[in-house]
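In UniProt numbering, the protein residues as written are 1 to 509. Heads up, the beta-carbon is just placed ideally off N, CA and C, and yes, glycines get one too. One structure is given here, and the rest of the page talks about it.
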Amino acid sequence: MRNTYKKLSIFCGILVFISLSSCKKLLEQVPKNSTYLQVFWKNANDARYAIAGNYSLLRAAANSYNDRYYMYGEAVAKNYFTIQYNGDGLEGIQGGDYTFQYNLQNLGNYTNYYKAIAMSNTVIKNVSKMTDDQLSTEDNPTAFRNNILGQALFLRALSYFMMVRVWGDVPIVTEAYDDVINAPQLPRSPKADVMKLIEDDCHKAAGLLTWSYANVGDAKVTANTGAVYALLAHLYLWRATMLDVSSPTVPVANLTDVASADTTINALMSRGGYALVDTSKYKSIFVGRTSESIFEFNMSENTLEGSNGSIGINFLNQSYINQGTTNPRDFVVPAYLNEHYGDGSTDIRFKNNFALVGTTQPMCIKYNNIIYRNLAQQLDPYLSNNMIIFRFSDFVLLKAEIALYRGDKATAITIINNWRMRNDKNPSLIDDSWTLADVFYEYGIERGKEFYLEGEIFYDLLRTREYQNHVDWLQDTRFQAEGYYWPLDPALFQQNPSLKQTKYWLGKV
Numbered sequence: 001m002r003n004t005y006k007k008l009s010i011f012c013g014i015l016v017f018i019s020l021s022s023c024k025k026l027l028e029q030v031p032k033n034s035t036y037l038q039v040f041w042k043n044a045n046d047a048r049y050a051i052a053g054n055y056s057l058l059r060a061a062a063n064s065y066n067d068r069y070y071m072y073g074e075a076v077a078k079n080y081f082t083i084q085y086n087g088d089g090l091e092g093i094q095g096g097d098y099t100f101q102y103n104l105q106n107l108g109n110y111t112n113y114y115k116a117i118a119m120s121n122t123v124i125k126n127v128s129k130m131t132d133d134q135l136s137t138e139d140n141p142t143a144f145r146n147n148i149l150g151q152a153l154f155l156r157a158l159s160y161f162m163m164v165r166v167w168g169d170v171p172i173v174t175e176a177y178d179d180v181i182n183a184p185q186l187p188r189s190p191k192a193d194v195m196k197l198i199e200d201d202c203h204k205a206a207g208l209l210t211w212s213y214a215n216v217g218d219a220k221v222t223a224n225t226g227a228v229y230a231l232l233a234h235l236y237l238w239r240a241t242m243l244d245v246s247s248p249t250v251p252v253a254n255l256t257d258v259a260s261a262d263t264t265i266n267a268l269m270s271r272g273g274y275a276l277v278d279t280s281k282y283k284s285i286f287v288g289r290t291s292e293s294i295f296e297f298n299m300s301e302n303t304l305e306g307s308n309g310s311i312g313i314n315f316l317n318q319s320y321i322n323q324g325t326t327n328p329r330d331f332v333v334p335a336y337l338n339e340h341y342g343d344g345s346t347d348i349r350f351k352n353n354f355a356l357v358g359t360t361q362p363m364c365i366k367y368n369n370i371i372y373r374n375l376a377q378q379l380d381p382y383l384s385n386n387m388i389i390f391r392f393s394d395f396v397l398l399k400a401e402i403a404l405y406r407g408d409k410a411t412a413i414t415i416i417n418n419w420r421m422r423n424d425k426n427p428s429l430i431d432d433s434w435t436l437a438d439v440f441y442e443y444g445i446e447r448g449k450e451f452y453l454e455g456e457i458f459y460d461l462l463r464t465r466e467y468q469n470h471v472d473w474l475q476d477t478r479f480q481a482e483g484y485y486w487p488l489d490p491a492l493f494q495q496n497p498s499l500k501q502t503k504y505w506l507g508k509v
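Structure follows, in structure tokens:
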């Protein structure tokens with residue numbers, strides 16, 4: 001994989017040239033002219049460079065505009081961390097106002113995701129047609145072809161999953177258009193259809209990929225069957241409670257989807273070979289590629305792909321970064337620490353993830369693996385922490401959520417208590433005297449501790465309806481009106497008259 005990364009810059013240069021020369025269409029399809037097609041898709045390395053470009057495009061989409069993955073999945077929850085004013089109005093989203101100009105033009109625009117989807121479609125179309133002779137450098141051309149196709153399907157599914165949780169209805173594009181100028185401009189498809197596409201892509205990908213990796217360098221940062229199952233399980237649980245939001249206080253789950261999630265997670269646990277990291281090595285999880293990792297975006301300085309402006313750096317002061325700021329833009333809300341940990345916590349996550357805990361602006365130090373590119377002078381700092389998308393802990397805890405949807409309070413209590421005993425010398429345990437609603441609350445608290453600053457908390461709160469205990473701007477009436485979805489950037493409508501604004505934001509944007 002390292003060799004692929006070194007050569008990826010050439011391929012990305014082609015992508016940049018092509019995208020800049022294209023007409024500004026809504027979905028920003030990446031056109032492939034006849035000259036391009038004549039020189040590409042001729043051998044296995046072409047396929048490798050293309051799928052590497054696919055990963056790069058989706059990673060760029062998730063990290064663009066102040067790390068949008070964390071803005072959507074966490075910053076909007078407000079009571080977890082605070083974004084200080086820096087001239088762009090980004091802090092406005094923490095009060096549920098998504099209409100600031102910067103936020104509309106950037107976070108309200110899904111173009112970058114469609115660039116990744118266009119690349120997936122292009123890979124699927126062209127690699128499917130590559131012959132065994134073209135792939136003759138590979139020991140098993142069929143297995144190689146299947147692996148590339150499976151990864152492209154996974155990346156398309158993951159792109160749509162990221163979008164369906166943010167916008168709900170989005171256009172479905174599954175064709176690769178060689179001529180972007182004549183590509184159709186499509187309306188938004190119902191979110192149920194988008195979720196069905198994600199499910200179908202996952203099933204196809206699972207049939208093409210394997211649980212293992214042919215190249216150890218690809219482990220964790222490229223898709224295998226485990227990554228597909230992780231995505232599929234999350235899809236089932238999201239669909240189980242978010243297609244019907246008529247009940248704003250108690251989730252009425254679709255038990256068929258709940259059962260599918262359970263089956264998928266059971267297979268992931270039994271066949272994936274994943275294992276929890278010993279708590280003594282807790283910080284290694286967020287550097288990346290541990291036994292717990294299922295899928296993550298490579299952002300390692302080992303391949304010069306670290307970040308000098310990521311969400312993690314925005315929390316760190318000069319104690320962690322040479323010549324760093326005394327007042328980072330982001331800080332932890334003290335009330336979050338009090339609610340989730342209390343005073344003098346012995347929880348391993350509290351001790352490893354936070355600093356300045358007794359101040360008005362605590363820091364999150366979950367991501368603080370700083371590497372200086374100018375090592376001699378300790379200058380040019382880059383964060384070398386991979387971007388975690390799926391890890392094993394997530395699915396251990398999701399088993400408690402599945403039990404709660406089924407009314408199996410005892411199983412949920414056991415899972416939550418076991419998790420607390422694993423992470424805390426003096427855990428606060430719950431018992432059968434607690435109501436189902438109380439256990440739901442404690443489950444939300446536990447996920448809020450475990451997945452802080454991993455881009456998941458807001459979605460957890462929506463799915464379980466625990467938003468009512470943590471997100472004060474999201475009232476029940478707004479939830480029922482699906483006011484947690486984002487508006488679309490009005491600029492998108494200039495090029496596509498088939499689009500309609502997100503329902504809640506009609507007349508507000």
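Exposure of residue i, with buried meaning 16 or more beta-carbon neighbours within 10 Å
{"i": "A192", "result": "exposed"}
{"i": "M130", "result": "buried"}
{"i": "N327", "result": "exposed"}
{"i": "M421", "result": "exposed"}
{"i": "K508", "result": "exposed"}
{"i": "H340", "result": "buried"}
{"i": "Y133", "result": "The sequence as given places Asp at residue 133; Tyr does not occur at that position. Flag for D133 reads exposed."}
{"i": "K220", "result": "buried"}
{"i": "G207", "result": "exposed"}
{"i": "V439", "result": "buried"}
{"i": "T142", "result": "exposed"}
{"i": "G309", "result": "exposed"}
{"i": "N147", "result": "buried"}
{"i": "D394", "result": "buried"}
{"i": "L499", "result": "buried"}
{"i": "G358", "result": "exposed"}
{"i": "G53", "result": "buried"}
The alpha helix (DSSP H) enclosing residue i, as first and last residue numbers
{"i": "L235", "result": "T225 to M242"}
{"i": "I415", "result": "K409 to N423"}
{"i": "S270", "result": "L255 to R271"}
{"i": "D193", "result": "K191 to L208"}
Close beta carbons around residue i, own chain, < 7 Å, minus the five adjacent residues each side
{"i": "L461", "result": "A77, G444, Y467, H470 and V471"}
{"i": "N423", "result": "T279, D347, I348 and R349"}
Limits of the unbroken beta strand (DSSP E) element including residue i
{"i": "Y49", "result": "Where Y49 is concerned, there is no enclosing beta strand (DSSP E), although the alpha helix (DSSP H) it sits in stretches over A44 to G73."}
{"i": "T82", "result": "F81 to I83"}
{"i": "L379", "result": "L379 to L383"}
{"i": "I389", "result": "M387 to R391"}
{"i": "Y372", "result": "I370 to N374"}
{"i": "D330", "result": "D330 to V332"}
{"i": "F297", "result": "S293 to F297"}
Distance CB(residue i)-CB(residue j) smaller than 9 Å
{"i": "F390", "j": "A214", "result": "no"}
{"i": "I198", "j": "A233", "result": "no"}
{"i": "T346", "j": "K283", "result": "no"}
{"i": "Y367", "j": "N352", "result": "no"}
{"i": "I370", "j": "L383", "result": "yes"}
{"i": "E74", "j": "L316", "result": "no"}
{"i": "I388", "j": "I313", "result": "no"}
{"i": "N103", "j": "I93", "result": "yes"}
{"i": "D330", "j": "C364", "result": "yes"}
Same chain, Cβ closer than 8 Å to residue i, five either side skipped, listed in chain order
{"i": "I415", "result": "V396, L397, K399, A400 and A403"}
{"i": "A267", "result": "Y229"}
{"i": "I457", "result": "G73, E74, A77, Y80, R447, G448 and F451"}
{"i": "I124", "result": "L149, A152, L153, R156 and A176"}
{"i": "Y441", "result": "E466 and N469"}
{"i": "G95", "result": "K78 and W473"}
Rounded straight-line distance, which links the Cα of residue j to that of residue i
{"i": "E450", "j": "V39", "result": "48 Å"}
{"i": "G89", "j": "Q475", "result": "23 Å"}
{"i": "P362", "j": "R349", "result": "14 Å"}
{"i": "Q84", "j": "L506", "result": "29 Å"}
{"i": "Q318", "j": "I311", "result": "16 Å"}
{"i": "W486", "j": "F81", "result": "20 Å"}
{"i": "T464", "j": "G87", "result": "34 Å"}
{"i": "N417", "j": "P334", "result": "25 Å"}
{"i": "N79", "j": "Q480", "result": "21 Å"}
{"i": "I321", "j": "V164", "result": "36 Å"}
{"i": "F493", "j": "S212", "result": "44 Å"}
{"i": "Y504", "j": "A253", "result": "23 Å"}
{"i": "W167", "j": "T502", "result": "7 Å"}
{"i": "Y69", "j": "Y459", "result": "11 Å"}
{"i": "V194", "j": "G306", "result": "32 Å"}
{"i": "E296", "j": "Y114", "result": "20 Å"}
Own chain, CB closer than 6 Å to residue i, minus 5 neighbours either side, in chain order
{"i": "Y236", "result": "D257, S260 and A261"}
{"i": "N106", "result": "Y65"}
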